[in-house]
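J.: Going by the working numbering, the residue at position 5 of the sequence shown is 24; the numbering climbs one at a time, nothing skipped.
Don't be surprised by glycine CBs; every beta carbon is placed ideally from N, CA and C.
Got a structure for you, questions after.
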Amino acid sequence: MQALVESTLPGETVLTFGIRHGAGFVTLAAAELNQRELVGMFNHLNDLARKVQGNIALDLTLVKPLNCAWINHIITYHHRCRNLGGQLVIAGLPVDAADILRTTGLDKKLIMSATREDALRYFQTGEDPKPGLLGWLKNLKAA
Numbered sequence: 020m021q022a023l024v025e026s027t028l029p030g031e032t033v034l035t036f037g038i039r040h041g042a043g044f045v046t047l048a049a050a051e052l053n054q055r056e057l058v059g060m061f062n063h064l065n066d067l068a069r070k071v072q073g074n075i076a077l078d079l080t081l082v083k084p085l086n087c088a089w090i091n092h093i094i095t096y097h098h099r100c101r102n103l104g105g106q107l108v109i110a111g112l113p114v115d116a117a118d119i120l121r122t123t124g125l126d127k128k129l130i131m132s133a134t135r136e137d138a139l140r141y142f143q144t145g146e147d148p149k150p151g152l153l154g155w156l157k158n159l160k161a162a
């Protein structure tokens, strides 16, 4: 059973962690974290990544606001997961944050998915959660 709690107070963080398909699944709810709080939270995430050899699905749907400081920490966390032999899959990025990653070309380096289910499916099947045009055609053909 999983309960999602939306963080509404500045500086408040709610983190849930579970393991599915050999990967850690983290759901974050955070509101207006300052730099010190953000560093502390990512220190906890680093500890979690070590437990699952760097295979992490990170759901950011309930993070507000997802600003440049967050993006910098996500990139660092991506490298940390890769150094542990795993992969970070990011789920639920807000449209503006996803646009920043696309504009900078970081979407080609990071694995992003629209939903946490797609992120978890990556660890089960190894399929990229961003289907692109070929994936769209494959789905159309299958229908």
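(1) Counting only the same chain and skipping the five closest in sequence on each side, list residues whose C-beta sits under 7 Å from that of Lys-70.
(2) Give me, in chain order, the residues of the same chain whose beta-carbon lies closer than 7 Å to that of Pro-113; leave out the 5 immediate sequence neighbours on both sides.
(3) What residue does the alpha helix (DSSP H) around Leu-67 start on, and which one ends it?
(4) Among Leu-103, Ile-90 and Lys-83, which has the Cα closest to the Cα of Met-131?
(5) Looking at the unbroken beta strand (DSSP E) that takes in Thr-80, where does it start and where does it end?
(6) Give me the Cα-Cα distance between Glu-146 and Asp-137, rounded to the nearest whole angstrom.
(7) Report yes or no: do three or more beta-carbon pairs, one from the region 97 to 112 and one from the region 75 to 82, lie closer than 8 Å?
(8) Return the CA-CA distance between Gly-154 and Ala-133, expressed in angstroms with no decimal places.
(9) CB-CB under 7 Å to Tyr-96, same chain, minus the five flanking residues each way: which ones, in chain order?
(10) Would you list the residues sitting across from Ile-130 in a DSSP beta bridge?
T.: Let me lay it out:
(1) Cβ neighbours of Lys-70 beyond the five flanking positions: Gly-43.
(2) Cβ within range, chain order: Leu-85.
(3) Taken as a continuous stretch (DSSP letters only), the alpha helix (DSSP H) holding Leu-67 covers 54 to 70.
(4) Closest option to Met-131, Cα to Cα, is Ile-90.
(5) Start and end: 75 to 83.
(6) Cα to Cα, the separation comes out at about 9 Å.
(7) Output reads yes: the region 75 to 82 touches the region 97 to 112.
(8) Residue confidence for Gly-154 is low, a pLDDT of 44 falling below 50, so the modelled location carries little weight and cannot support an answer.
(9) Around Tyr-96: Phe-61, Leu-64 and Leu-107.
(10) Under DSSP, the beta-bridge partners assigned to Ile-130 are Val-108.
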